[in-house]
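Number 945 in the working numbering belongs to position 596 of the sequence shown; there are no gaps in the numbering. Cβ coordinates follow ideal geometry from the N, Cα and C atoms, glycine included. Scroll down for the structure; my scribbles are underneath it.
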Amino acid sequence: MSRHSLSPLFDPHSLVAISDRPLPLMITLPPALRATTTEIRLDAHQRITLPSPLCGSADPKARPDLAVIKVPRAALRGVLETLSALPPRAAIVITHEPSDDDTAFCRRWAQAHDCMLLGPHSFGLQRPHAGLNASVHPRLARLGRVALVTQSRSIMAVVMDWADDNRTGFSTVVSLGAEAMLDVPTVLDFLVADPRTDSIALYLEDVQNAREFMSAVRAASSVKPVVVLKAGRAGQARTSVRPGAPADTGTPDGAVSTIPSDVVFDAALRRAGAVRVRYFVQLFSAVKALGFAKRPSGRRIALFANGSGPAQLALDLIGPGGAAVSPAELSEITRVELASALSATSWVDNPVVEFSPLTPEACSKAIRSLVADPGVDGVLVVLSPDPDANMEAVAQALTEVAPKAAKPVITCFMGDAAMRPLRRVLDDAGSPAFRTPESAVDAFGNLATYHYNQQLLLQTPPPEPPGQSPDLTGARIMIETARADGRLTLTTPEAKALLAAFHIPVVSVVLARSAAEAVIAAQQTGFPVAIKIDSPDVERKSAVRGVHLDIRNTTELVTAYHRMLANAHEAAPTARVAGITVEAMSSPPGAVKVAIGVARDPLFGPVIRFGTGGTRTEAVNGNGVELPPLNGFLAQRLMERTAVWRHTLAGQASPEALDMLEDTLVRVSEIVCALPDIATIDINPIIVDGARVVAADARITLMPGVALPEGATTSGATELGTMDAGATAYAHMAIHPYPTRLVRHAQFANGAPYTIRPIRPEDAVPLQTFTRGLSEHTRYMRFISTMRELSPRMLARYTQVDYHRELAVVATVWEPDPERPALLHEVVIGVARYLLNPDGESAEYALVIGDDWQRKGLGIQLMTTLIEAARNQGLSRIEGFVLGNNGPMLTLMRRLGFRVDVDKNDPSMRQVWLALQTEGGEPQSGR
């Protein structure tokens, strides 16, 4: 197996240490690595001379894996220029003073010499298992399973000092500094594959590329907990990564967002499956808790204390309903066991409180009973000093019970002088111990939130029937008409026509430019009617008294028409008024009003909002926010997080109405995916009445300039997803949507139809059935094992695809359903996928065809789809590894133009590869 591109940085085989003074690096290096480490000191002129050969190498031209450079700024460029004669594969540049010029120079140098450079302005990195302290921290961290990644050198210094005193270990600690080359997504990609890392803690100030960030965090959190502490705000340019930037850049041109950037970032992390902490002290709690393997299976927590005061403090931190943790309800069996184990005056509900001096035996029995309760997901032990109890013995008893418990047991020893040694006893035993109830509850909350997110991630939504395709041509005509008129705001009829093009139910509306036209429209619509001002310059109609409801006759209509125009002119004298719109009254008494909106965040792009309809819908509290694209499952969860759901929809709305609201959210998501021109959408109100859901009003604004991706055109785009399929497609979105453009229908030689399309989450069950149906020979040729089925996590991993970094396509046919023979169901008959390699320029493919469908040309069709998609993505090479005795696969690859080479690391394997671009960067001609 080939070495990871970042292995020279994190797991070097040879080192060059360049400094003006001794480094901590040499203290902890193991003998084998020390033997291949060359130390070089600056001379009196702040220059260096490279010895030849380097230590441990017989070849004077052999590049070292890693150079650790800790020199004054004045010497940095000279050192790097000298290293150009024998450039390392990776370098760590540790400088104290930030400099944009140094960052730019380091970037140019690293690119010119194919070197993965960490820094400058970095604190360095540590890999405790390898004895590698390539930082300026004087001590190597304890060995642990948590990786810490920070954009701030100062934060790394603080956490390292804290960890020294708190018995906290790490698998990796890295300070990124100015990110000349190495950035957060690149490091996360390495840590995902690192077998020594179980969890990742991230201190973040600056996100440069939302798509890359989201892709990397989603990939990492799908297999390991990721906890994020975010500092700063959107539009703030001066960060640890860019310390020389102006203090504030404001909002980027074209970004239109009424949603606070912090709310959007929360939505992004939730969508990525990560956990966010708000305060610095919480990061410590998270790092400490994640260093232990136990994960809760829910958020119900049982409290055990030796006094009512500490118990009450902890209980106050455990919230109701939507909180990260909630109090568990103990079973009757548990309460009986507790009553027999504790004194007569103790409390045996939740919290469990022992008022008598606590004994080791009573503590152990109580913890075991609480852990055994099926209604308990974790136990929090809160203990205060007690002169009448042997607290050392109690702590020792906890070391016997907590680490072996099937559920997480988190302890809090409140106090310092007497309790600090006891906390260390628990820490050393492998059970996290905290100083305050706040930090202990936070720690459990982080674990519970991660579990909740992972449960959502592993859900397999039921198969969804294909919906109606949108009229993309009609929608674009509305946009082009507005642009042709020099407008960035669609008229109300245009906005509703665009929504209708995506099959969102709307109240029909007629634009009237005179009182007579208003009367004609009302007579055709039928009284009672509502009229509203129509102006591209009025964002809120009610703010200019531009809404009049329940008009019942012509006299009321004419009076209201003239009054509305006068009110609008008085409130907004410069506003352009196209006229008024006339529509039927759509909100009967008792109807629920909700609103759906879209805003454009400067970093994460389109953001969808759902909440209460009416004039106060812009209020953030109580609204739900989510990043597109949405499916039905995500739309349902978005609604459930809102106040209008808890207070109204959940109890009053019919199932049919809820399904229609869910569908409307998905349709809005389709709009923002397919139309990058859209800046904002405000559908308010949406009337929910019985089984009826209809949009009563809508406002849509456009981005300045044409926002189509490069290479896409408005003409000829007649269905969703026919935009340019290259790397710029959907560039306005933080998450790549489902690539509908790759769906195609074909026929076998005998005329039987089949479909090739990108995989979807609802393919989990058909994919499992396909895997189980493979013969042992086919299964071994694909997986190089005899595994008979995929685990739930593997199913989620294979079907919930991040289309920014991978692609999976399935070939399917429709066959009678064995359980319901009168109905047809979709059956997977072949799967092909590729995953980007760490270099971002090549991809590794995999292919498997069902036994009954082999030798029918299906493999060529699936591989051709992959090759063309990879070529359009701008990749330079696609490769794979095939068993040497898999003759049919090797023959297929040769037919497709692949080269076949013996794998250097395993002669039984063959490496097959195909160049996708010519030397000039143009796509290779397909076969």
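Assuming K643 and P757 make a contact with CB atoms under 8 angstroms, what is their CB distance in whole Å?
K643 to P757, Cβ: 4 angstroms. Contact.
Nonlocal neighbours in the same chain, by C-beta distance under 6 angstroms from G1065, ignoring five residues either side:
In this prediction, G1065 has a pLDDT of 35, which is less than 50 and means its spatial position is unreliable; what the coordinates show is noted afterwards. Excluding residues within five positions, none has a Cβ falling inside 6 angstroms.
Are E1155 and R1131 closer than 8 angstroms when you measure CB to CB?
Their beta carbons are not under 8 angstroms apart, which means E1155 does not touch R1131 by this criterion.
Output the distance between the C-alpha atoms of D791 and V887, rounded to the nearest integer angstrom.
A straight-line Cα-Cα distance of about 45 angstroms links D791 and V887.
Just to confirm the assignment: which complete alpha helix (DSSP H) runs, minimum length 4, are found wholly within the stretch 702-741?
If we require 4 residues or more, the alpha helix (DSSP H) runs fully inside the stretch 702-741 come out as 709-721.
Residue from D883, D735 and D899 with nearest C-alpha to A892:
For A892, the closest C-alpha among the options D883, D735 and D899 is that of D883.
Whole angstroms is fine: what's the gap from A1282's alpha carbon to S780's?
This structure does not reach residue 1282, given that the chain is present from 350 up to 1276, and the question cannot be answered.
T337 and A529: beta carbons closer than 8 angstroms?
Only positions 350 to 1276 of the chain appear in this structure, which leaves residue 337 out of reach.
If you draw a straight line from the C-alpha of I608 to the C-alpha of P951, how long is it?
When rounded, the distance between both Cα atoms is 11 angstroms.
For N902, count the other beta carbons within 10 Å of its own beta carbon; 16 or more makes it buried, fewer makes it exposed. Which is it?
The residue is exposed, with fewer than 16 neighbouring Cβ atoms inside 10 Å.
For N655 and L979, I'd like the C-alpha separation in whole angstroms.
Approximately 48 angstroms between the Cα atoms of the pair.
What number of angstroms, rounded off, separates the C-alpha of H362 from the C-alpha of V507?
About 29 angstroms.
Which residue spans inside the stretch 838-881 form an unbroken beta strand (DSSP E) run of at least 3?
Within the stretch 838-881, the complete beta strand (DSSP E) segments at least 3 residues long are 858-861, listed from N- to C-terminus.
Exposed or buried, which one is L1172 when buried takes at least 16 other CB atoms within 10 Å?
Exposed, since its Cβ has fewer than 16 Cβ neighbours within 10 Å.
Taking the alpha-carbon positions, what's the E1059 to A1157 distance?
Here the model assigns E1059 a pLDDT of 35, short of 50, so the residue's position is not dependable, and the following value carries that caveat. A direct Cα-Cα distance of roughly 25 angstroms separates E1059 from A1157.
Cutoff 6 angstroms; reference P379; Cβ partners in own chain excluding five residues on either side
Same-chain partners within the cutoff: G480.
Alpha carbon of Q1001 to alpha carbon of G973, nearest angstrom
Q1001 and G973: Cα-Cα distance of roughly 19 angstroms.
What residue does the beta strand (DSSP E) around H1174 start on, and which one ends it?
Segment L1173 to L1185, the beta strand (DSSP E) holding H1174.
Check whether the stretch 422-431 and the stretch 488-501 are in contact - that is, three or more C-beta pairs closer than 8 angstroms.
With the cut-off at 8 angstroms, the stretch 422-431 and the stretch 488-501 do not touch.
What are the start and end residues of each continuous alpha helix (DSSP H) run of 4 or more residues lying completely inside the stretch 1195-1247, in chain order?
For the alpha helix (DSSP H) assignment, the uninterrupted runs of no fewer than 4 residues enclosed by the stretch 1195-1247 are, from N- to C-terminal side, 1207-1221 and 1236-1244.
Extent of the continuous alpha helix (DSSP H) to which M1009 belongs:
Here the alpha helix (DSSP H) through M1009 covers P1004 to A1023.
Do V624 and S548 count as a contact pair if the criterion is CB distance below 8 angstroms?
Their beta carbons are not under 8 angstroms apart, which means S548 does not touch V624 by this criterion.
What do you get for V417, buried or exposed, if any count of 16 or more other CB atoms within 10 angstroms of its CB means buried?
Flag for V417 reads buried.
Start-end ranges of the beta strand (DSSP E) lying completely within the stretch 533-594, minimum 3 residues
Runs found: 548-553 and 575-579.
Measure the alpha-carbon distance for R627 versus S733 and round it to whole angstroms.
Cα atoms of R627 and S733: separation of roughly 27 angstroms, rounded to the nearest angstrom.
The stretch 982-997 contacting the stretch 954-962, beta-carbon criterion three pairs below 8 angstroms:
When C-beta atoms of the stretch 982-997 are compared with those of the stretch 954-962, three or more pairs fall below 8 angstroms, so the two segments count as touching.
Own chain partners of V907 with C-beta closer than 6 angstroms, once the 5 adjacent residues on each side are dropped:
In its chain, beyond the 5 residues on either side, A864 have a beta carbon closer than 6 angstroms to the beta carbon of V907.
Contact check, E975 vs R620, beta carbons under 8 angstroms
For E975 and R620, yes; Cβs fall inside 8 angstroms.
Proximity winner among A366, R352 and P676, relative to D360 (alpha-carbon distances)
With distances taken between Cα atoms, D360 lies closest to R352.
Give the secondary structure of I443 by DSSP, where H, G and I count as helix, E and B as strand, and everything else as coil.
If DSSP states are grouped into helix, strand and coil, I443 belongs with coil.
DSSP-derived helix/strand/coil call for F359
Looking at F359 - three-state DSSP - the assignment turns out to be helix.
Beta-carbon proximity of S471 to R502, cut-off 8 angstroms:
Using a Cβ distance threshold of 8 angstroms, S471 and R502 count as a contacting pair.
Give every residue of the same chain whose Cβ lies closer than 7 angstroms to the Cβ of A850, excluding the five residues on either side of it in the sequence, and list them in chain order.
Excluding residues within five positions, the ones whose Cβ falls inside 7 angstroms are P819, D820, G823 and A824.
Residues of its chain near A797, where Cβ-Cβ distance is below 6 angstroms and the 5 sequence neighbours each way are ignored
Answer for A797: P645, R648, A673 and V674, listed in chain order.
I need the DSSP call for M1082, collapsed to helix, strand or coil.
Of the three classes helix, strand and coil, the one that applies to M1082 here is coil, per DSSP.
According to the neighbour-count rule (16 or more other Cβ atoms, all chains shown, within 10 Å of its Cβ), is T629 buried or exposed?
The question names Thr, but residue 629 in the sequence shown is Phe. Counting every other CB atom within 10 Å of its CB across the protein chains shown gives F629 a total below 16, marking it as exposed.
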